[in-house]
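Residue 972 in the UniProt record's numbering sits at position 972 of the sequence shown; the count goes up by one each step and never skips.
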Amino acid sequence: MDAIVSSIVTPVVQSLMIPLKKHFGFLISSTKNVMDMEEKMVQLNLTEKDIQDKWDEAIERNHEMSHHVSPWLEKVKEMNEKAQTIPKGGVGCFNVAKRYKVGKKSFNILEEIEALETWKSKIVFTNAQRPLAKVVSTSTRPSTSTPGGSTQNNFKSRDSVYNAALAALRSNNESEKMIAICGMGGVGKTTMMEQLKKDVEASKHFDRVVKVVLGENTNPIVLQQDIAIYLDGKDLIEKDKDARADRLCKKFEDMSKQGKKTLIIMDDLWKAFDLKDVGLSPLLNGFKLLFTSRDERICAFMGVKVDSVFKVGLLNDIEAKSLFFSNVELSDGDDPTLQKIGENIVKKCHGLPIAILTIAKSLAGNIMEAWEKALRRLEQDDLKDIESITYKIFEMSYENLKEDGDKAIFLLSGLFPDDFDIRTEDLFRYGLGLGFFKDTKTLVTARSEMKICVNNLICANLLTTSDHKGCVKMHDLVRAFILDKISEVKQASICNHDNKSMHHLTKYVNKSYERILLKCTGMEAFPVDFNYPNLSLLLLMNGNNLLKFPDDIYKRIEKLQVVSYENMHIPSLLLTFEHSTKLRTLCLRSCQFINDDISLLGSLSNLETLSFVECKIRRLPSEIGKLEKLKLLDLTGCVYLRIDDGVFHNLSSLEELYMSAYKDSPIRFTEANFDELQILSDRLFALELEFFESKDKLKNMSIKKLKRFRISIGCALKDDKTNLFRNTIQFVGDCNELLECKINELFNKTEELHLQVNEMNHLEDVITHHSFSNLTALYVSECAHLTWLFTVDVARGLKKLERLSIFKCPVMRTLIAENNDVGAITFNKLKSMFLTGLPEMVSFGDTIIELPEMVELYLCSLPKFTSIFPQCHDTYDMQSVVNKKVVTPKLEKLTVAWMANLKDIWSYGHIDTNNATSKLREISVYECNKLVNLFPCNPLPLLNELQDLKVSLCNSIEVLFNMDFGSFCGTGESNSSKLRSIKLYSLGKLEELWRMKGVNNSNIPITCFKGVESIEITQCKMFMNIFTPTTTNFDLGALTKYTTDYTASFLALIEILVIHENSD
């Protein structure tokens, strides 16, 4: 709302007399004043609680205390009473008088709060004892109250901490630009941070949220790199630390000047560092920093004020028991004996969530004797501190792992850096080299074993799932336990090569280190005394072209079995492995070769895995054909690759081959290459390959054995940005070509299918007896003869389909073939549907189609439809896209574009209240020039979840909400509307946002839009202003942003304000 009045009034106010400006400010900034006051009151009450606790302690210990305490606490109580008289969120923009008074009152309270904060500095607590005659009676202590907040996580005891941290993040107070969440390891700091991140992202409070993980690493070059990659997807080009800091600072300054609000999250702070090194000092307007740390003192050193440190404590007894028993799946009364043992185990965990969760996972489904043994082990050792208990629980969980493979993958996972997204494919390839899967005969069975191991570790809470597909993570306490406590394999993970860590690494030369990970960011020279005769695995990361290596780097590490280089510059000497005859796995990812010649690798006679992912390899020399034991070859991201003749012919042990090219730079196959591939294909279990200009070559290859594949025919292979490998087929060509190459034999194993097929009338034209039982995503485009997509039988076989996209099929009429004799068809897992460029489509089909999990629907260029949702009493609604035969109970996001004949999203008449469109959260409409009605006469049922509304280039819309209050009860006072944002662009006939019929009493508040925070109206020439209807008491109390480029009617508002000022 402040922006509404400000954008109109401010230019005029500047020309008025100075005495009026202050009073205009009360109106202009009314909502802002109220929000600031509410945030300040939260902080004041937290401070009051600290003072009260200290006073209670001082009384209990009979300590001297400041005489300012009691009157200060009484004053806080008065401030709470004053604040409670102000409406939460302020007053709607149409009640000018109330808005002025609330703005003035909240402004005065803000000034009083500031005075209280100054007064607080005079309160001092000491340890000095008071004379007995001066002991204060506890009955004289003032009673105080603090406002409560809503639950934000699973533990009620943390609600107040969470709500206070969230309020601080949303606060506009300059003193709260740096915030910290503190607590001991495993208590849930990162969990709370992640929930805060989700909340501020969902509310769109910040334009950008940047998250980096610090851990023990405070190397400025690494931090600069992490922030730059998060911002732009790539590292900075500068090499000098100060130059990199300047570049980041310039990026942040540009964001600040553009009015962008940015939150920088720095998770797991261990050591203080200079914020100037990452361009964040001084902290610019619109920027906030959120730290998580175990140490409050470090946060204070970084500049976080005491009042902005939020402490996450241990769980109370009830919460601890609830967490434990919910994870062992034991309910009250199920087994009293087991329940008692469980309660005693919980007591030993002292309320630490990670300890409770880990031991619960290890005992779930186990027998009573296992529970008794666990309790005995926790009791028999004299474990008094939480860290020792937690380590003991990790040790017990590790010992409870039944398979050696589980233990091996667990230990290997501990080598990666803190909070690292560990690719499961890396675990597999390193595990192959280290001999984890000795009892398996093929890579297929070895890969299955790895998946089982990872799943077992997740179930045991020793690994956790990641937001990045194809990756897992490990808690830093679990990782520390592996590196510090387990002696089975000596591992060193050096993520910050400062003097101390490198001294620790080189101090133990000639010792027992078997695995080492070293991040080389900023390193100029690799240690010359790198002497580890027992080393079997070496992982190097992030080394630039300045990094120098000793000539004999491999001479003193001759037992190497696995070498992995990621994001490194590779000189020729790093590919000279004459001393590494035992090497079985060599993985290079995103590396740059100083010399493109990789022929030196032909001498590695025991090599089984060779990977060059995203290394832009240009030539595969004949020497690679000498690797007779090679089972896996990965050339993903190669550039115009040329393959020497004979390479594939000699790779007699190869089982997996990955060869997708980098950005439209296809492999330059020779006829000899194809002939060799044809022979090799009979042995392959995995293949990733483009048949871009050679569709006919695939028909001579054997593909029946393939378990993993990504194959494109007639087009470039789609770049998969995730680490999750999905069986994918892309085909562009004629129907007979598809049948001849026999790629359809893989359809029953395919997870993602892209089809652009001429002469295909429906899917049954290209399938045999096989179904699409594993298909999760289907993309069909530019099929000129497609009339309908599925038969009923095919549709019912799509049990796993999650995403469906149909694009530019000019004669397609329905999704499912007509068949009146069948019941409902249910797509149980379909979440997203995209229908674009279907000029003849008239319906989904003539049978009931249930889409119980559909959350996103995109409709574009469907000219046969005149509405999206049907009217309640329609008898003939074939022109509605989602008609009565289409059930979408969970639809959240609707996008409608270029619908030439669309007149209604919902028709103006009544809607069926049972129609499940009330879950919609986002509606976007573009260029529908005949569209008149967006909403029915009663839109309230649709506003329960709707948050964002965007409408552009629709030239027939005169009003957004044409509401008839006579057709339904109430004015929205009981409506839980969540609408927050309205964006309108180039609506040529738009005159009003809302018309109100059936409201005869101007004193009755219209509250159904009171949650709207932002309204943006651009290039709507007929639109005059937001202040209509003028006779309605309309509540827009949450409105903080209003922008429009047509403000011709602002003078009337000025007149109102001046009259109000004179009468006041």
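Heads up, the beta-carbon is just placed ideally off N, CA and C, and yes, glycines get one too. Predicted model only: the values in this text are computed from it and were never measured.
Apart from the 5 residues on each side of it in sequence, D644 sits with its Cβ closer than 7 Å to the Cβ of L620, P621 and S622 in its chain, given in chain order.
Remark: C-beta atoms of L775 and E751 approach each other more closely than 8 Å. In the DSSP assignment, L443 falls within the unbroken alpha helix (DSSP H) covering L443 to C459. Per DSSP, reduced to three states, the secondary structure at A716 is coil, with no helix or strand assignment. With fewer than 16 other beta carbons inside 10 angstroms of its own, R376 counts as exposed. DSSP lists R619 as the beta-bridge partner residues of R642. Taking a cut-off of 8 Å on C-beta distances, the stretch 829–839 touches the stretch 785–804, as three or more cross pairs fall below it. Per DSSP, the continuous alpha helix (DSSP H) segment holding G405 begins and ends at D404 to S413. For A408, same chain residues with a beta-carbon under 6 Å away, outside a window of 5 residues either side, are F436 in chain order.
Rounded to the nearest angstrom, the Cβ distance from F291 to A168 is 12 Å, too far for a contact under 8 Å. A distance below 8 Å separates the beta carbons of G351 and L315. In this structure, the straight-line span from the alpha carbon of C809 to that of S843 is close to 14 Å. Bridge partners of Y430 according to DSSP: none are assigned.
For M854, there is no enclosing beta strand (DSSP E), as DSSP marks it with neither H nor E. Secondary structure at P1005: strand, using DSSP grouped into helix, strand and coil. Distance from A300 to E329 at the Cβ level is roughly 43 Å; contact not present, criterion being Cβ atoms closer than 8 Å. Two segments are said to touch when three or more pairs of C-beta atoms, one from each, lie closer than 8 Å; by this definition the stretch 981–996 touches the stretch 945–962. Fewer than three pairs of CB atoms, one per stretch, sit closer than 8 Å, so the stretch 437–446 makes no contact with the stretch 334–348. Taking the Cβ atoms as the reference, D964 lies roughly 13 Å from I1006, outside the contact range of under 8 Å. Look at the beta carbons and you see the stretch 195–212 touching the stretch 260–275: at least three pairs across the two are nearer than 8 Å.
Per the C-alpha coordinates, the member of L457, F481, K451 and A460 positioned closest to G470 is K451. According to the DSSP assignment, R796 belongs to the alpha helix (DSSP H) that extends over V792 to R796. Under the criterion of beta carbons closer than 8 Å, N173 and K40 qualify as touching, at roughly 7 Å.
Only residues of its own chain outside the window of five on either side were considered, and among them P220, I221 and D277 have a CB closer than 7 Å to the CB of K241, listed in chain order. Here I265 is buried: its Cβ has 16 or more other Cβ atoms, across all protein chains shown, within 10 Å.
Under the three-state reduction of DSSP, T191 is assigned to helix.
Counting C-beta pairs with one atom in each stretch, the stretch 246–254 and the stretch 184–202 have fewer than three that are closer than 8 Å, which means they do not touch.
L979 is not a Cβ neighbour of E958, given a cutoff of 8 Å. In the assembly as shown, D904 is a buried residue. Its beta-carbon has 16 or more other beta-carbons within 10 Å. The shortest CA-to-CA distance from I123 to any of Y391, G797, E78 and D50 is the one to D50. Fully contained in the stretch 747–829 are the following alpha helix (DSSP H) runs of length 4 or more, in chain order: 792–796. The residue from G823, E759, V855 and P852 with its alpha-carbon nearest to that of M812 is E759. In terms of Cβ geometry, W788 and T814 form a close pair [threshold 8 Å].
The DSSP-derived three-state label of G303 is coil. Counting along the chain, M568 sits inside the beta strand (DSSP E) bounded by residues V562 to I570.
Contact between the stretch 686–698 and the stretch 707–721 is present: 3 or more CB-CB pairs across the two stretches fall below 8 Å.
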